[in-house]
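What follows is a set of notes on a single structure, which appears directly below.
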Amino acid sequence: MNAPVQRRGFLRGLVSLPLIGGGVTLIGSPTAVAEPCTLGLLDRYTDWLAVEYGEALIERCALAPSTSHAHSLAIMKFRREWCQDNRTLNPRRDKFEHPPATLPSTRAALVLSTVGCDWKEGMPCA
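Numbering of the sequence shown is given in this note's numbering, commencing with residue 124 and proceeding in unit increments.
Next comes the structure, spelled out in structure tokens:
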């Protein structure tokens with residue numbers, strides 16, 4: 124058995140011990156990673172953010188009120204092509220060929236809450 128698994132098992136055992144006057148409860152998931160920040164990590168992160176931004180723009184256009192379904196599809200097609208041609212969002216021109224497996228809307232609330240943005244109040248996240 125390796126050390127991280129042993130450590131987790133030990134911590135789970137501590138949580139199950141009865142305590143005088145109360146107990147200990149572990150809630151949630153870790154929000155930080157014990158990894159050094161490297162240029163490669165930042166490159167991957169900014170690449171992911173650019174794609175997430177582009178896909179959110181595409182999806183946002185699809186959710187906007189439209190006169191017809193065909194009009195919404197035309198807007199989505201235009202926005203996808205715009206993202207494909209945008210050198211900031213797609214410097215290698217290998218993104219936005221197909222819709223993502225999961226849409227940005229499926230994780231928007233989680234991501235904003237995780238970074239401390241009070242998105243429910245409608246205030247800008249800065």
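Using N, Cα and C, we set each Cβ at its ideal position, and we do this for glycine too.
- Going by C-alpha positions, Arg202 is about 6 Å away from Ile181.
- A straight-line Cα-Cα distance of about 8 Å links Pro222 and Glu178.
- Scanning Met199, Pro214 and Ser228 for the CA closest to the CA of Arg167 turns up Pro214.
- Contact between Ala185 and Met199 holds: their C-beta atoms lie close to 5 Å from each other, under 8 Å.
- Counting C-beta atoms within 10 angstroms of its own C-beta, Cys206 has 16 or more neighbours from the protein chains shown and is therefore classed as buried.
- Cβ contact annotation for Leu212 (same chain, cutoff 6 Å, sequence separation greater than five): Ala173, Gly177 and Cys206, in chain order.
- DSSP places Asp166 within a helical segment (H, G or I) once states are collapsed to three.
- Here Ala197 carries a helix assignment [DSSP, helix/strand/coil].
- The continuous stretches of alpha helix (DSSP H) do not include Val238, and DSSP gives it neither H nor E.
- Separation of Arg183 and Ser228 (C-alpha to C-alpha, rounded to the nearest whole angstrom) is 9 Å.
- Our two residues, Leu164 and Thr190, have alpha carbons roughly 43 Å apart in a direct line.
- Look at Leu226 here: in three-state DSSP terms it is coil, with no helix or strand label.
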